[in-house]
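To start, the structure itself, in structure tokens.
Numbering (the numbering used here), first residue to last: 55 to 124.
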């Protein structure tokens, strides 16, 4: 596994240490790896969307030609 040298603000280091002390993670390395992985997954799911325009139905807002919801 590749190694990464990372510098984080003191408040983040304190939060990571607290999570390890509380038993959320076995050690600091596991905590950083898991938190980074989780953050990347969250970024991917909330990141930029495709440039496609949403598709709208031709028949009214609810799919019925005489039914509109306001």
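Think of the CB as a built atom: it goes at the ideal place given N, C-alpha and C, for glycine as much as any other residue. The model shown is predicted, which means the values in this text are computed figures rather than measured ones.
Original post:
Cβ-heavy atom distance between residue 83 and the ligand FMN below 7 Å?
Top reply: Annotation note on the ligand FMN: not contained in the displayed structure, which lists no ligands.
Original post:
DSSP state of residue 98, grouped into three classes?
Top reply: Working through the chain shown from its first residue, we reach residue 98 at position 44. Helix at residue 98.
**OP:** Check each candidate in 97, 94 and 69 and name the one with the smallest Cα separation from residue 82.
**Re:** Here residue 82 refers to the residue found at position 28 when the chain shown is read from its first residue. That would be 69, whose Cα lies nearest to the Cα of residue 82.
**OP:** Spatial neighbours of residue 73 within its chain, please: CB distance less than 7 Å, with the 5 preceding and 5 following residues excluded, ordered by chain position.
**Re:** The sequence position of residue 73 within the chain shown is 19, counting from 1. Here the set comprises 79 and 85.
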